[in-house]
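Contents: one structure, followed by commentary.
There are 2 protein chains.
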Amino acid sequence: MRETDFISGFAKGLSVIEAFDAGNSRLSITDVARITGLERATARRCLLTLAELGYADYDGKFFTLSPRILRLGHSYLTSTPLPRLVQPFLDQLSEKTGESASASVLDGNEIVYIARASHKRVMSINLNPGSRLPAYCSSMGRVLLAALPEDEARRILKNSNRVANTPNTKTGIADLLDELHRVRAQGYAVIDQELEIGLCSIAIPVRNVRGTTVSAINVGTQAVRASVGEMIERYLPTMQSTRDTITSLLV
Amino acid sequence: MRETDFISGFAKGLSVIEAFDAGNSRLSITDVARITGLERATARRCLLTLAELGYADYDGKFFTLSPRILRLGHSYLTSTPLPRLVQPFLDQLSEKTGESASASVLDGNEIVYIARASHKRVMSINLNPGSRLPAYCSSMGRVLLAALPEDEARRILKNSNRVANTPNTKTGIADLLDELHRVRAQGYAVIDQELEIGLCSIAIPVRNVRGTTVSAINVGTQAVRASVGEMIERYLPTMQSTRDTITSLLV
DNA sequence: TGACATTTGTTCGTATATCGCACAAGATGT
DNA sequence: ACATCTTGTGCGATATACGAACAAATGTCA
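Those protein sequences? They're chains A and B, same order as listed.
With the first sequence counted from 1, adding 1 to any position gets you the numbering used here.
With the second sequence counted from 1, adding 1 to any position gets you the numbering used here.
Below you can see the structure in the form of structure tokens.
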């Protein structure tokens, strides 16, 4: 790509949108300049442009994102076939298992939920399409990392901020690579309270007919309701059959 | 705002993202130029910029959005206090009523879901935070329109593409304005299969301490499970108590 | 309270990057 | 092999970004 094929004003604007997050909901021009590293004048122009288009609100002092921003992410969910294809199967899976079922894809070091059938709240945080979790300590993340070439997976693990969320969390590169080997061999990943105490989940890859892993699906439950062995016994066969149906529908 | 405070390259880029939707998941440069009305050269630069930043994938012929795009919408959901605040209360509400509970805000002619606790699938389409429905024929839309000044509501109704989704759907401006009066007077809106046959819902406004309506919450169910009268009797008191708790937490 | 320091927002001239057009090159279908 | 449609490129005109200077608001201390 040539230098002139890149619209830096557009790229800067997008970084301004991403400057808003959990801890930063009401931002001044200076705040945005500091977070994004843009010049104050440029940050101001991006923010005023967002406000002019209705993507942000401005009270003269602080900017906040407006619900119109959701159109942007929603473009992906409605335009990509996979989320719409898997949703009904996750509903079925959740129905059959009596637990929450989800599908996700990899984006950098994180998994991104693309569809979900939540049966009942099991986690402290709420998960929706668009939600993100670190790949290294989630069942779907392990499955998706295991599908990558070894050095690619290692690179992502090294890049990840590997925090021990619980005493169970694996954080060592060697441990995690071992785990990925195991996942690759057995065809599924089980997380036993590595993300949050009391939370277990099991995930398997979804491959297209060419054998490429395009997504992962999982079932999550409370640790008190099922041991690791019980999860494999109870959920894995149903998940695999669901997965096979999905695969047959993927071009 | 001065002319030079608007970054047209940014605005054009955002319109390119929105060009992708349900019917348009894989778009060529020419497709995007046609949909957005941009010059082909401009559309191409926007698309290449998106691809360079990882927001889109390019196979040399077609562009598709990548899951990274979801960060943009997610910026809103995580940075705005309201969605995170209401979520646990929707969970409770769904638990108590045994039905799906949601919260939404108005964006133009549409309501946008900002949080949801889905108990079991009742609709043919799947609803998630970010999902949109026309305001004129949804219970939360009626509540949010009723909170606007009369002429503002009329303007939105006139702007809406008022389709009769079912034989029950009200599509006349006068009918709808009457309905808004009723909603305003009684403090709740009930939709009896106007959006989809078999689907009923009841919504109430959520106001902040200053009395401004900031959102609507609803409970939806299947028509066979509850008549309109039964919905009001069964769900309204619980909803109102949930709403009062939320209001007390809103600054 | 008033003077000073500091932070934040806005304006401006200029260097530079982007836009839109016209044309070239390539792909597709008949 | 031709017509048609799509994609890529070069260039002059124009719009944008930068950095600094200015203005306004906010905070600090005697």
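Where is the CB? At the ideal position from N, CA and C, for every residue including glycine.
On a predicted model such as this, the values are computed, not experimentally measured, just so you know.
Taking only the alpha-carbon atoms, compute the straight-line gap between Arg133(B) and Glu111(B) and give it to the nearest angstrom.
6 angstroms
Any contact of the segment 13–24 of chain A with the segment 39–49 of chain A, i.e. 3+ C-beta pairs under 8 angstroms?
yes
In chain A, which residues lie less than 9 angstroms from Glu53(B) when you measure between Cβ atoms?
Met2, Asp6, Phe7 and Ala12
Can you list the residues of chain B that Ala74(A) reaches, using a CB-CB cut of under 7 angstroms?
According to the sequence displayed, residue 74(A) carries Gly and not Ala. Chain B residues near Gly74(A): Ile70, Leu71, Leu73, Gly74, His75 and Gly131.
Can you tell me the Cα-Cα spacing of Ser249(A) and Leu196(B), whole angstroms?
33 angstroms
What does Pro82(B) touch in chain A if you count any residue whose Cβ is under 7 angstroms from its own?
Ser26
Taking the beta strand (DSSP E) that Tyr77(A) falls in, what are its first and last residues?
Careful: Tyr77(A) lies outside any beta strand (DSSP E), inside the alpha helix (DSSP H) at Leu71 to Ser80.
Report the three-state DSSP secondary structure of Val106(B) (helix, strand or coil).
strand
Going along the chain, which residues of its own chain have a beta-carbon closer than 6 angstroms to the beta-carbon of Thr170(A), five neighbours each way excluded?
Cys138 and Glu195
Assuming Thr1(A) and Thr37(A) form a contact by the criterion Cβ under 8 angstroms, report the distance between their Cβ atoms to the nearest whole angstrom.
This structure cannot speak to residue 1(A), because chain A is shown only from 2 to 252.
Using the three-state DSSP reduction, which class does Tyr114(A) fall into: helix, strand or coil?
Tyr114(A): strand per DSSP, three-state reduction.
Starting from the C-beta of Ala118(B), find all residues in its chain whose C-beta is less than 6 angstroms away, skip the five residues before and the five after it, and write them out in chain order.
Leu91, Asp92, Ser95 and Ala102
Assuming Ile115(A) and Pro135(A) are in contact, meaning their beta carbons sit under 8 angstroms apart, how far apart are those beta carbons, in whole angstroms?
Between Ile115(A) and Pro135(A) a beta carbon distance of about 17 angstroms is seen, past the 8 angstroms cut, so the two are scored as non-contacting.
If we require 3 or more residues per run, which beta strand (DSSP E) segments fall completely within the segment 31–68 of chain A?
57–59 and 64–66
Are the CB atoms of Leu237(B) and Tyr189(B) within a distance shorter than 8 angstroms?
yes
Mind checking Ser9(B): buried by the 16 CB within 10 Å criterion, or exposed?
exposed
I'd like to know whether the C-beta atoms of Val220(B) and Ser242(B) end up nearer to each other than 8 angstroms.
At least 8 angstroms separates the beta-carbon of Val220(B) from that of Ser242(B).
I'd like the list of long-range same chain contacts for Asn160(B), defined as Cβ closer than 6 angstroms, with 5 residues on each side in sequence excluded.
Asn110
What do you get for Asn162(B), buried or exposed, if any count of 16 or more other CB atoms within 10 angstroms of its CB means buried?
exposed
Would you say Ala160(B) lies against chain A (beta-carbon separation less than 8 angstroms)?
The sequence shown places Asn at residue 160(B), rather than the Ala named in the question. For Asn160(B), the answer is no, since every Cβ of chain A falls outside 8 angstroms of its Cβ.
What does DSSP give as the partner residues of Leu200(B) in its beta bridges?
In the DSSP assignment, the residues bridged to Leu200(B) are Gln223(B).
Please look up how many angstroms separate the CB atoms of Ala227(B) and Arg235(B), rounded, as I've assumed it's under 8 angstroms.
6 angstroms
Is the segment 175–185 of chain B touching the segment 207–216 of chain B, taking contact as three or more C-beta pairs under 8 angstroms?
no
Round the Cβ separation of Ala217(A) and Arg185(A) to the nearest angstrom and send it over; I've been treating them as touching at under 8 angstroms.
So it is not a contact: roughly 13 angstroms between Cβ atoms.
In whole angstroms, give me the CA-to-CA distance for Gln88(B) and Thr5(A).
45 angstroms
Which whole-angstrom value is the C-beta distance of Ala52(B) and Asp60(B), which I expect to be below 8 angstroms?
The pair is not a contact, with the Cβ atoms about 10 angstroms apart (cut-off 8 angstroms).
Using a C-beta to C-beta distance shorter than 9 angstroms, which residues of chain B count as neighbours of Ile115(A)?
Within 9 angstroms Cβ-Cβ: Pro68 and Leu71.
My guess is that Pro82(A) and Ser26(B) are in contact by the Cβ rule of under 8 angstroms, so how many angstroms apart are they, rounded?
6 angstroms
Distance, Cα to Cα, Asp108(A) vs Leu251(A)?
Their Cα atoms are separated by approximately 20 angstroms.
Measuring alpha carbon to alpha carbon, tell me which of Val215(A), Leu54(A) and Leu128(A) ends up nearest Leu145(A).
Val215(A)
Quick check on DSSP: helix, strand or coil for Ile1(B)?
Because chain B is modelled from 2 through 252, residue 1(B) falls outside the range shown and cannot be assessed.
Quick one: using the 10 Å Cβ neighbour count with 16 as the cut-off for buried, is Val164(A) buried or exposed?
So Val164(A) ends up on the exposed side.
Compute the minimum distance between the beta carbon of Leu250(A) and the heavy atoms of the ligand COA, and state whether it is under 7 angstroms.
The ligand content of the structure shown is nil, which means the ligand COA is not present either.
Using a beta-carbon distance below 8 angstroms, is Asp245(A) in contact with chain B?
no
Taking Cβ-Cβ distances below 7 angstroms as the criterion, which residues of the segment 182–196 of chain A are in contact with chain B?
none
Going along the chain, which residues of its own chain have a beta-carbon closer than 7 angstroms to the beta-carbon of Leu71(A), five neighbours each way excluded?
Taken in chain order, the list of residues that qualify is empty.
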